[in-house]
Amino acid sequence: LLLSDELPPDHHIFRYIGGGSIHDDFIEPAAFRRKTKGGRMETGLSVNWFEWFGTATPQDAVQPLREVLVKKRFGVGVTSRFALLNVANAKASAAKYASVSIVQDKQPDDDSHSLVTGYAEALNDQVAEQLQKAMITSYPTTPK
Amino acid sequence: METAMSRAVISGAQPSEFTSSILLALFETSANDAKRANTRETSRWTQFISEALRRRAVPETSRWAQFIGEALHRDQSGRTPFTTIPDIGTDESDSLRIFNAIQTLYLSRNHPRDRQIAERITDLHRVVLGEGEQISAESLEQFTEFFRDEPELAFPRITMTPEGTLRARWIHDRDHFVAIEFTGKPLVRLIAEVPRDGGQTASYFGSEPIESVVAASRKLGACF
Numbered sequence: 066l067l068l069s070d071e072l073p074p075d076h077h078i079f080r081y082i083g084g085g086s087i088h089d090d091f092i093e094p095a096a097f098r099r100k101t102k103g104g105r106m107e108t109g110l111s112v113n114w115f116e117w118f119g120t121a122t123p124q125d126a127v128q129p130l131r132e133v134l135v136k137k138r139f140g141v142g143v144t145s146r147f148a149l150l151n152v153a154n155a156k157a158s159a160a161k162y163a164s165v166s167i168v169q170d171k172q173p174d175d176d177s178h179s180l181v182t183g184y185a186e187a188l189n190d191q192v193a194e195q196l197q198k199a200m201i202t203s204y205p206t207t208p209k
Numbered sequence: 002m003e004t005a006m007s008r009a010v011i012s013g014a015q016p017s018e019f020t021s022s023i024l025l026a027l028f029e030t031s032a033n034d035a036k037r038a039n040t041r042e043t044s045r046w047t048q049f050i051s052e053a054l055r056r057r058a059v060p061e062t063s064r065w066a067q068f069i070g071e072a073l074h075r076d077q078s079g080r081t082p083f084t085t086i087p088d089i090g091t092d093e094s095d096s097l098r099i100f101n102a103i104q105t106l107y108l109s110r111n112h113p114r115d116r117q118i119a120e121r122i123t124d125l126h127r128v129v130l131g132e133g134e135q136i137s138a139e140s141l142e143q144f145t146e147f148f149r150d151e152p153e154l155a156f157p158r159i160t161m162t163p164e165g166t167l168r169a170r171w172i173h174d175r176d177h178f179v180a181i182e183f184t185g186k187p188l189v190r191l192i193a194e195v196p197r198d199g200g201q202t203a204s205y206f207g208s209e210p211i212e213s214v215v216a217a218s219r220k221l222g223a224c225f
């Protein structure tokens with residue numbers, strides 16, 4: 066990935082949080098952990114670039130983001146949420162353990178798709194704890 | 002070997018002692034196995050469970066898992082439920098293991114906390130099923146055994162990781178917590194942050210044997 070793919074520090078990212086990772090108002094940091102599939106860990110943590118949607122507020126981007134995920138056949142749970150993080154703060158928080166990059170990683174029908182990447186598998190839990198601490202807020206993915 | 006079901010029989014627990022939500026959770030697990038879980042089915046089976054409770058159709062608590070599984074099978078084959086109650090089988094499916102774990106916690110007589118945990122697991126089970134996921138039966142069994150052995154620990158935040166394992170987290174402050182991830186293996190994952198003198202925070206990420214994870218956490222200064 067090219068350095069130019071890095072998201073601007075004053076921009077923001079959404080991370081999808083499944084309902085199983087939420088207990089009341091608490092979001093479990095493991096939801097920020099890269100998953101292991103077929104014995105191999107993901108190269109980066111999947112997130113979505115808020116500013117790409119061009120909406121006035123993060124709340125306004127929730128519905129179009131949800132539609133993107135549904136179109137990708139990603140199961141969006143009724144109790145799930147989108148966590149919002151600032152790019153610079155997320156990197157600064159993760160820096161306690163690792164220097165991470167946050168880069169755009171376009172996917173078919175999902176240009177906002179981005180990755181938090183560049184850290185060792187052994188630091189998966191550590192970085193996840195720090196990213197959770199960098200959360201600004203979270204939004205329900207599904208309107209009530 | 003003593004099981005949740007045999008304990009229920011020994012304790013003389015009756016079906017009325019179960020909440021319909023826990024029974025419904027069992028149905029949802031069974032229906033998910035049969036790839037039949039949907040809103041209409043759930044609504045119909047909520048009525049079915051309510052009716053079974055009203056009629057006292059199941060004489061023993063231990064028969065509920067079998068009863069619902071059998072009724073589901075009869076329903077699929079076009080026969081009417083509520084006829085006969087079969088003998089208890091030896092089904093070791095994940096569905097039954099999950100139900101047994103919830104039942105063990107729900108029937109615990111030593112701590113109201115365990116019922117609170119059972120209700121949380123029931124809710125969590127339902128949420129993750131709705132997202133096409135399932136709690137690891139091995140993790141839940143380890144989790145259940147752990148809380149039975151540790152009655153003095155407070156009610157934690159309980160969540161499921163993306164891998165299906167359960168995590169319990171006792172949070173005192175932003176940088177003061179202890180979390181255990183129940184891997185279903187002899188070594189569980191331990192994560193803790195503990196305040197130290199001078200405004201510092203000690204962080205710990207490691208693995209510990211399930212038998213000694215509480216003692217190891219306390220040595221670090223973590224509290225539950």
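Residue numbers (my numbering), protein chains in the order written: chain H, 66 to 209; chain G, 2 to 225. Ideal Cβ positions, reconstructed from N, Cα and C, are used throughout, including at glycine.
{"Check": "Continuous beta strand (DSSP E) assignments of at least 3 residues falling wholly in the stretch 73–160 of chain H", "Outcome": "77–82, 109–114, 146–151"}
{"Check": "Under 9 Å by beta carbon: chain G residues contacting Ala159(H)", "Outcome": "Residues of chain G passing the Cβ test: none, with the nearest at roughly 13 Å."}
{"Check": "Any C-beta of chain H under 9 Å from that of Gly200(G)", "Outcome": "no"}
{"Check": "Backbone CA spacing between Val215(G) and Pro173(H) [nearest angstrom]", "Outcome": "47 Å"}
{"Check": "Thr207(H), buried or exposed, once every other Cβ within 10 Å from all chains shown has been counted against 16", "Outcome": "exposed"}
{"Check": "Thr202(G) (DSSP reduced to helix, strand or coil)", "Outcome": "strand"}
{"Check": "C-alpha gap between Leu82(H) and Arg219(G), whole angstroms", "Outcome": "According to the sequence displayed, residue 82(H) carries Ile and not Leu. Cα to Cα, Ile82(H) sits roughly 31 Å from Arg219(G)."}
{"Check": "Pairwise C-alpha distance: Val181(H) and Thr202(H)", "Outcome": "18 Å"}
{"Check": "Glu132(H) versus Leu149(H) - alpha carbon distance", "Outcome": "17 Å"}
{"Check": "Environment of Leu188(G) [buried if 16+ CB atoms lie within 10 Å]", "Outcome": "exposed"}
{"Check": "Residues, ordered as in the chain, of the stretch 143–157 of chain H that lie near chain C by beta-carbon distance below 8 Å", "Outcome": "Judged by its chain identifiers, the structure shown contains no chain C, and its protein chains are H and G."}
{"Check": "Selection from Pro129(H), Gln195(H), Asp125(H) that minimises the alpha carbon distance to Lys137(H)", "Outcome": "Pro129(H)"}
{"Check": "Segment contact flag, the stretch 150–170 of chain H with the stretch 142–161 of chain G, C-beta cutoff 8 Å, min 3 pairs", "Outcome": "no"}
{"Check": "Pairwise C-alpha distance: Ser164(H) and Arg127(G)", "Outcome": "38 Å"}
{"Check": "Segments assigned alpha helix (DSSP H), at least 4 residues, entirely inside the stretch 128–193 of chain G", "Outcome": "138–150"}
{"Check": "Residues near Trp114(H) in its chain [Cβ-Cβ closer than 7 Å; skip 5 each side]", "Outcome": "Leu72, His76, Ile78, Gln169, Ser177, Ser179"}
{"Check": "Neighbour flag for Phe79(H) against chain G, beta carbons, 9 Å", "Outcome": "no"}
{"Check": "Assigned secondary structure, Val214(G) (DSSP; H/G/I helix, E/B strand, else coil)", "Outcome": "helix"}
{"Check": "Cross-chain neighbours of His88(H) in chain G, by beta carbon under 7 Å", "Outcome": "Arg158, Ile159, Thr160"}
{"Check": "DSSP beta-bridge partners of Val1(G)", "Outcome": "Because chain G spans 2 through 225 in this model, residue 1(G) falls outside it and cannot be assessed."}
{"Check": "Amino acids of chain G, ordered along the chain, whose beta-carbon sits closer than 8 Å to that of Lys102(H)", "Outcome": "By Cβ distance, chain G contributes nothing, its closest Cβ being about 10 Å from Lys102(H), past 8 Å."}
{"Check": "Identity of the residues DSSP links to His178(H) by a beta bridge", "Outcome": "Asn113(H)"}
{"Check": "Sequence-distant residues of the same chain with beta carbon closer than 8 Å to His112(G), five excluded per side", "Outcome": "Pro152"}
{"Check": "7 Å CB neighbourhood of Met2(G) in its chain, flanking five on each side removed", "Outcome": "Low confidence applies here, because Met2(G) scores a pLDDT of 33, under 50, leaving its location unreliable and the question unanswered by this model."}
{"Check": "Neighbour flag for Leu125(G) against chain H, beta carbons, 9 Å", "Outcome": "yes"}
{"Check": "Cβ neighbours of Leu154(G) in the same chain (closer than 6 Å, five flanking residues each side left out)", "Outcome": "Phe225"}
{"Check": "Beta carbon proximity, Phe206(G) to chain H, threshold 9 Å", "Outcome": "yes"}
{"Check": "Assigned exposure category for Lys36(G) - 16 Cβ within 10 Å defines buried", "Outcome": "Note that Lys36(G) scores 45 on pLDDT, short of 50, meaning its location in the model is unreliable; the coordinates nonetheless yield the value given after this. Under this definition Lys36(G) is an exposed residue."}
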